[in-house]
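S.K.: Structure provided below as structure tokens; questions to follow.
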Amino acid sequence: MRVTYGRVLILVALIALWEIPARLGLVHALLLTPFSATVETLARVLGSGGPIGNFYPHLLTTLFEIVGAYAIAVCLGLVVGAALGSIRSAGDVFEPLILGFYSVPTVIFYPIVFLTLGLGPSSKIVYGAILGFFPILTSALAGIRQVDRSLITTAYAFGASPRQIAFKVVLPASAPVILSGLRLGLNLTLIGVFAGELIASAGGLGYLIVWAGSTLRIDVLFALVLLTLVLAVGGNQGLAALERRWRRA
1408 MRVTYGRVLI LVALIALWEI PARLGLVHAL LLTPFSATVE TLARVLGSGG
1458 PIGNFYPHLL TTLFEIVGAY AIAVCLGLVV GAALGSIRSA GDVFEPLILG
1508 FYSVPTVIFY PIVFLTLGLG PSSKIVYGAI LGFFPILTSA LAGIRQVDRS
1558 LITTAYAFGA SPRQIAFKVV LPASAPVILS GLRLGLNLTL IGVFAGELIA
1608 SAGGLGYLIV WAGSTLRIDV LFALVLLTLV LAVGGNQGLA ALERRWRRA
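The opening position of the sequence shown corresponds to residue 1408 in this note's numbering, with each subsequent residue numbered one higher.
The following block contains the structure:
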């Protein structure tokens, strides 16, 4: 309960820091619009499109890119991580290479992805998947490796099949680590998709943010940024709730 109250107080404080300076004119209107005005603009954008007009195709484009990129990152990350975690010799060979590749600033890959796949959603999906793939892979690898081998040996001794061991022994034991990696993977996937849209795109929320900034529609810009924050926090909190539920189980 204290944690909930603390989060509410922090949220109220952040809103006040946003609203009061802008409302009192302490910050120029071209730099910051009041929180209340931002919410009103966002309501108009979500209602009729407001100054944007046809808003929902852009929103659906971004959601499609996020879902597609995250699905690819999860599937590939879990499969490769599970394989390397289960086959220790393979994990020992590839783990240093993976960690080295993970440490490289991935933004250098976007020009290659963009030139190969163009302005459409595919380049954002691939780039977002690249960013989300590595934390999911490393968490799956670490989670499976930290499973107590005596549990697996005991399960085999009682006649459990490989499938039963995978889903009833290994997965529950490694789930907390994997779920943490899934949250980090989602965050990086969101960063990859929005970064791709901001750099070069023909649609999406990032494209609209660039448009709003270039046309000095600061109210629309902050409304879109607020919507982006809501999407990011909502997705993260959803995975956090899943993680807490799994830990209680």
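Glycine included, every Cβ here is placed at the ideal spot set by N, Cα and C.
The structure presented is a predicted model; accordingly, all values stated were derived computationally and were not measured.
Specify the secondary structure class of GLN1553 as computed by DSSP and reduced to three states.
M.R.: Position 146 of the sequence shown holds residue 1553. In the displayed model, GLN1553 falls within coil according to three-state DSSP, outside both helix and strand.
S.K.: At 4 residues or longer, and completely inside the region 1472-1545: list those alpha helix (DSSP H) runs for me, N to C.
M.R.: Counting whole runs of 4 or more residues, the region 1472-1545 contains the alpha helix (DSSP H) stretches 1495-1509 and 1517-1524.
S.K.: Tell me, to the nearest whole angstrom, how far the beta carbon of ALA1647 is from that of ARG1556; I am working on the premise that it is less than 8 Å.
M.R.: Walking along the sequence shown from the start, residue 1647 turns up at place 240. Walking along the sequence shown from the start, residue 1556 turns up at place 149. Actually they are not in contact, since the Cβ atoms of ALA1647 and ARG1556 sit about 30 Å apart, beyond 8 Å.
S.K.: Just checking SER1546 against the ligand GDP - is the residue's beta carbon closer than 6 Å to any of the ligand's heavy atoms?
M.R.: Summarising the ligand content, the structure contains no ligands, and the ligand GDP is consequently not present.
S.K.: Classify THR1448 as helix, strand or coil using the three-state DSSP reduction.
M.R.: One-based indexing of the sequence shown puts residue 1448 at position 41. Here THR1448 sits in helix by DSSP.
S.K.: Under 7 Å, do SER1608 and TYR1614 count as touching if we go by C-beta distance?
M.R.: Counted from its first residue, the sequence shown places residue 1608 at position 201. Counted from its first residue, the sequence shown places residue 1614 at position 207. Yes, the pair counts as a contact, with Cβ atoms nearer than the cut-off.
S.K.: Let me check understanding here. Comparing Cα to Cα, which of LEU1631, GLU1604, LEU1433 and ALA1444 lies closest to TYR1534?
M.R.: By 1-based counting over the sequence shown, the position of residue 1534 is 127. Nearest option by C-alpha distance: GLU1604.
S.K.: Using beta-carbon positions only, say whether PHE1462 and VAL1446 come within less than 7 Å of one another.
M.R.: Translated into the one-based positions of the sequence shown, residue 1462 becomes position 55. Translated into the one-based positions of the sequence shown, residue 1446 becomes position 39. For the pair PHE1462 and VAL1446, the CB atoms are not nearer than the 7 Å cut-off.
S.K.: What residue range does the alpha helix (DSSP H) around ALA1436 cover?
M.R.: Numbered from 1 along the sequence shown, position 29 holds the residue referred to as residue 1436. Note, ALA1436: premise wrong, no alpha helix (DSSP H); not H, not E.
S.K.: Can you tell me whether ILE1417 is buried or exposed? The criterion is at least 16 other CB atoms within 10 Å of its CB, across all chains shown.
M.R.: Within the sequence shown, numbered from 1, the residue matching residue 1417 stands at position 10. Under this definition ILE1417 is an exposed residue.
S.K.: Taking the alpha carbon of ALA1630 as the reference point, which residue from LEU1449, PRO1441 and LEU1522 has its own alpha carbon closest?
M.R.: Numbered from 1 along the sequence shown, position 223 holds the residue referred to as residue 1630. Its Cα nearest to that of ALA1630, the residue LEU1449 stands out among LEU1449, PRO1441 and LEU1522.
S.K.: Please look up how many angstroms separate the CB atoms of TYR1563 and PHE1541, rounded, as I've assumed it's under 8 Å.
M.R.: In the sequence shown, the residue the question calls residue 1563 occupies position 156. In the sequence shown, the residue the question calls residue 1541 occupies position 134. That pair is no contact at about 32 Å.
S.K.: For ASN1643, which of helix, strand or coil comes out of DSSP?
M.R.: Here the question's residue 1643 lines up with position 236 in the sequence shown. Looking at ASN1643 - three-state DSSP - the assignment turns out to be helix.
S.K.: Measuring CA to CA, which of THR1440, ASN1594, VAL1632 and ALA1536 is closest to GLY1645?
M.R.: Start at 1 with the first residue of the sequence shown, and residue 1645 comes out as number 238. Looking at the Cα atoms, ASN1594 is the closest of the given residues.
S.K.: For a minimum of 4 consecutive residues, which ranges assigned as the alpha helix (DSSP H) are wholly contained in the region 1603-1627?
M.R.: 1612-1621
S.K.: Taking C-alpha atoms, which residue in LEU1633, LEU1597 and THR1635 lies nearest to LEU1538?
M.R.: The residue labelled residue 1538 in the question sits at position 131 within the sequence shown. The shortest Cα separation from LEU1538 among LEU1633, LEU1597 and THR1635 belongs to LEU1597.
S.K.: Between the region 1465-1480 and the region 1519-1533, are three or more C-beta pairs nearer than 8 Å?
M.R.: yes
S.K.: If you measure between the beta carbons of ILE1543 and GLY1588, is that distance less than 7 Å?
M.R.: Here residue 1543 refers to the residue found at position 136 of the sequence shown. Here residue 1588 refers to the residue found at position 181 of the sequence shown. Yes, these two residues count as a Cβ contact at 7 Å.
S.K.: Over the uninterrupted alpha helix (DSSP H) stretch that includes SER1459, give me the two end residues.
M.R.: For the purposes of this step, residue 1459 is taken as the residue at position 52 of the sequence shown. Looking at the sequence shown, residue 1459 is not Ser but Ile. Looking at the DSSP string, ILE1459 is not in any alpha helix (DSSP H), and its letter there is neither H nor E.
S.K.: I think LEU1439 touches LEU1623, with their Cβ atoms under 8 Å apart; what is that distance to the nearest whole Å?
M.R.: For the purposes of this step, residue 1439 is identified with residue 32 of the sequence shown, where counting begins at 1. For the purposes of this step, residue 1623 is identified with residue 216 of the sequence shown, where counting begins at 1. Between LEU1623 and LEU1439 the Cβ distance is about 13 Å, and since that is not below 8 Å, they are no contact.
S.K.: Nearest to GLU1398 by alpha carbon, out of GLY1460, SER1443, TYR1412 and ARG1414?
M.R.: Only positions 1408 to 1656 of the chain appear in the structure, and residue 1398 is not among them; the question remains open.
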